[in-house]
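Visitor: After the structure tokens below, expect a handful of questions from me.
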DNA sequence: CGGGGAGTTGAATGCAGTCAACAAATGTGG
DNA sequence: CCACATTTGTTGACTGCATTCAACTCCCCG
């Protein structure tokens, strides 16, 4: 595994471009000092590396600083169910109990993580109610997104599902960028889309091309542009404004 | 709406049969006093009553004391997606932020709720780190269950889905009872099962009867018995022990 | 006794999976 | 830099699970 630790000259949290969309967005500068002390290192992984495995008992929690990550369960038949894609700002591998993780995580691109050793982190929680509340708030967001995904997957056909997933990722990724009108890089394969939505790659391909032919999405060599988000939201059977509230922190 | 408030002579939390499987299971007797002060009333609803609606901003959180509740989203086309069934001990309607609820809740049976006004509850959180941690721990459980449901719904056919749902409910309900070998009362219709799993009632019916004919489940007038949980777990494509850990709170 | 909700069954349709083959893009080593 | 292997994407034909539509039964409750 090609992972690398950085323990010195760590970048400052105050100036971090993704802070506002991370766990620490709600924590003011005063308390941020205390939180930053909990961060011991940054860790980098290459695309394709496992960050952790289902069944592991985590020793560190992470804030994803750069890149995309796929969280998934392995099925009995060898298949995968992707639970969600993590983007910069996402909080990974945290468990309040000392139980095993129920899913694995793999880097989709080269990534950087900010690492927080869990033992110290948990003992600090009692002194930092702000942090507890921030974690609750992130958990709530995760639950809401999961229920929203569940609804899309359970009740709709492939076109709706794919439209929903692409629009969600597009909204999240553009919210992290300055120039919100240029295409985003989509570091996932059609197989990943299938594994996230419970569809075969073949059916994903047909439906994906269908969306392209209708002009609802534009995509070549993994660069995705959505010319009219309102149109795609209609196909995805969601209200665009609600989806933005769900996907964009702050 | 036939709801009724009880504000005097509230039953003691210490002796509550469901405490150990509720939010407060992890809170010791000393701190329990402080928590109990936050509970202002018990509220009863009749089967079929709404407890809250999607879009409401909650003023109270609840511990479900008695009965079953269905949590669901309403779809554009008028359909419903049931997100989960709540059983005694479940914590409902809590939001750390002041945002609107993303789903509605309806009583499946006559129910009793313990009510906690949210304003007081939230201000107390800073003084009671145990409570924050308990809430995080409940959130984590909810996320894990949701991901598990998502996996079943996305990747498997109707027989697997129904087997999974019935086994989950059976395990949860029997864990709350003394006599774990007698049938449980299942206060949900085949339509509810369909709305939870994204299937039509007709297909639920056919598949349900299939499970009966195979002897995997026994069910008449809403009394469900599972003669061999290991067999049904195999059909549901889950490991029985893992499912028990996921469904039973200590 | 009549009405409504829930459950049951059959036949026809359609969305998505499976199998098979191939094309394009990407990566690797000689 | 090219040859080859691997991964990813594309297309067609066939199969099957789940939906739709329609009709009907059972049972509880007023």
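Protein chains in written order, with this note's numbering: chain A, 482 to 731; chain B, 482 to 731. Just so you know, even glycine gets a beta-carbon here, dropped at the ideal spot from N, CA and C.
(1) Am I right that residue 648(B) and residue 710(B) are in contact with their C-beta atoms under 8 Å? What's the rounded C-beta distance?
(2) Which residues in chain A sit within 7 Å of residue 534(B), going by Cβ to Cβ distance?
(3) Give the range of the alpha helix (DSSP H) segment to which residue 648(B) is assigned.
(4) Along chain A, in chain order, which residues have C-beta atoms closer than 7 Å to that of residue 610(B)?
(5) Please name the residue, chosen from 573(A), 638(A), 667(A), that lies closest to residue 585(A) on a Cα-to-Cα basis.
(6) What separation, rounded to the nearest whole angstrom, lies between the Cα atoms of residue 489(B) and residue 657(B)?
(7) Grab me the residues of residue 564(B)'s own chain with a C-beta within less than 7 Å of its C-beta, minus the 5 sequence neighbours each way, in chain order.
(8) Please determine, among 549(A), 597(A), 641(A), 533(A), the residue with the shortest C-alpha to C-alpha distance to residue 689(A).
(9) How about residue 636(B): is its C-beta nearer than 8 Å to some C-beta of chain A?
(10) So what does residue 665(A) bridge to, in DSSP terms?
(11) Can you list the residues of chain B that residue 448(A) reaches, using a CB-CB cut of under 7 Å?
(12) Would you list, in sequence order, the uninterrupted alpha helix (DSSP H) runs of no fewer than 4 residues that lie entirely inside the stretch 677-702 of chain A?
(13) Given that a residue counts as buried once 16 or more other Cβ atoms are within 10 Å of its Cβ, and exposed if not, what is residue 454(B)?
(14) For residue 582(B), which residues in the same chain have their Cβ closer than 8 Å to its Cβ, ignoring the five residues on either side in sequence?
(15) So does the stretch 598-614 of chain A actually touch the stretch 508-519 of chain A, counting three or more Cβ pairs closer than 8 Å?
(16) Buried or exposed for residue 628(B), going by 16 or more other Cβ atoms inside 10 Å?
(17) At a Cβ threshold of 8 Å, is residue 504(A) touching chain B?
(18) From the DSSP output, in three-state form, read off residue 624(A) for me.
(19) CA-CA distance, residue 543(A) and residue 662(A)?
(20) I'd like to check one pair, residue 635(B) with residue 680(B): are the Cβ atoms closer than 8 Å?
(21) Measure the alpha-carbon distance for residue 579(A) versus residue 718(A) and round it to whole angstroms.
(22) Please list the segments of the beta strand (DSSP E) lying wholly inside the stretch 529-584 of chain B, counting only runs of 3 or more residues, in order along the chain.
(23) In three-state DSSP terms, what is residue 671(B)?
(24) Return the residue from the list 528(A), 546(A), 484(A), 503(A) that minimises the CA-CA distance to residue 736(A).
(25) For the ligand GDP, is there any heavy atom lying closer than 7 Å to the beta carbon of residue 671(B)?
(26) Find the nearest neighbour of residue 693(B) within the set 682(B), 643(B), 593(B), judged by alpha-carbon distance.
(27) Nearest-angstrom Cα distance between residue 495(A) and residue 619(B)?
(28) Whose CA, out of 703(B), 507(B), 485(B), lies closest to the CA of residue 730(B)?
(29) Look at the alpha carbon of residue 738(B) and the alpha carbon of residue 606(B), and state the distance between them as a whole number of angstroms.
(30) Given a limit of 8 Å on CB to CB distance, which residues of the stretch 581-605 of chain B reach chain A?
(31) Can you tell me which of the three DSSP states residue 594(B) falls into?
(32) From the beta carbon of residue 672(B), is the nearest beta carbon of chain A less than 8 Å away?
Guide: Straight from the coordinates:
(1) 7 Å
(2) Chain A residues near residue 534(B): none, gap ~15 Å exceeds 7 Å.
(3) 639-656
(4) 606, 607, 610, 613
(5) 573(A)
(6) 26 Å
(7) 552, 553, 554, 584
(8) 641(A)
(9) yes
(10) 705(A)
(11) Since the first and last residues shown for chain A are 482 and 731, residue 448(A) lies out of range.
(12) 682-694
(13) Chain B is shown from 482 up to 731; residue 454(B) falls before or after that span and cannot be answered.
(14) 533, 534, 535, 536, 537, 538, 539, 574, 576
(15) yes
(16) buried
(17) no
(18) helix
(19) 30 Å
(20) no
(21) 39 Å
(22) 531-533, 541-547, 550-555, 561-567
(23) helix
(24) Residue numbering for chain A in the displayed model covers 482 to 731; residue 736(A) lies beyond these limits and cannot be assessed.
(25) Only the bare structure without any ligand can be found here, which leaves the ligand GDP out of the picture.
(26) 643(B)
(27) 31 Å
(28) 507(B)
(29) The question about residue 738(B) has no answer here: the residues shown for chain B are numbered 482 through 731.
(30) 583, 584
(31) strand
(32) no
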